[in-house]
Amino acid sequence: MGKTSRSMRDHNFTVRVIGLYSHRGLAIVERFNKTLAQMLYKIQYAVESLSSNPKLIRAWVKHLPKVIDY
Numbered sequence: 253m254g255k256t257s258r259s260m261r262d263h264n265f266t267v268r269v270i271g272l273y274s275h276r277g278l279a280i281v282e283r284f285n286k287t288l289a290q291m292l293y294k295i296q297y298a299v300e301s302l303s304s305n306p307k308l309i310r311a312w313v314k315h316l317p318k319v320i321d322y
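Residue numbers (the working numbering): 253 to 322.
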C-alpha cells in the first residue's frame, strides 16, 4: 500500500468513480481542481516572493491538507 492510499484511508476518503458521460460530476471535480489551484497559487507566490530559497519551491505541499479540509 502506497503513501497516498494510506493517507486516504487515514482520512476516511472515499473514491467515487463517475460515469463516462456524467457532465455534472466532471464539472464538480473540475471546479474543485480550479479552486485548489487558486488557493495554493496564492500561498506559493507569497513564499517565492519573500525568499529565493530553492527548497521552498514545493512550499505548497505542506498547506495542501489544510486547503482540502477548507
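No residue lacks a Cβ here, since even glycine has one placed at the ideal position from N, Cα and C.
| query | result |
| --- | --- |
| Proximal residues to LYS286 (C-beta, below 7 Å), its chain only, five neighbours per side dropped | none |
| Straight-line Cα distance separating GLN296 from SER303 | 11 Å |
| Proximity test, LEU308 beta-carbon vs the ligand GDP heavy atom, cut-off 6 Å | In the structure on display, the ligand GDP does not appear, and there are no ligands present to speak of. |
| Supposed close pair VAL299, LEU308 - CB separation, criterion 8 Å | 5 Å |
| Closest residue to ASP321 among ILE270, ASN305, GLY254 and ASN264 (Cα-Cα distance) | ASN264 |
| Three-state class that DSSP yields for VAL267 in the structure shown | coil |
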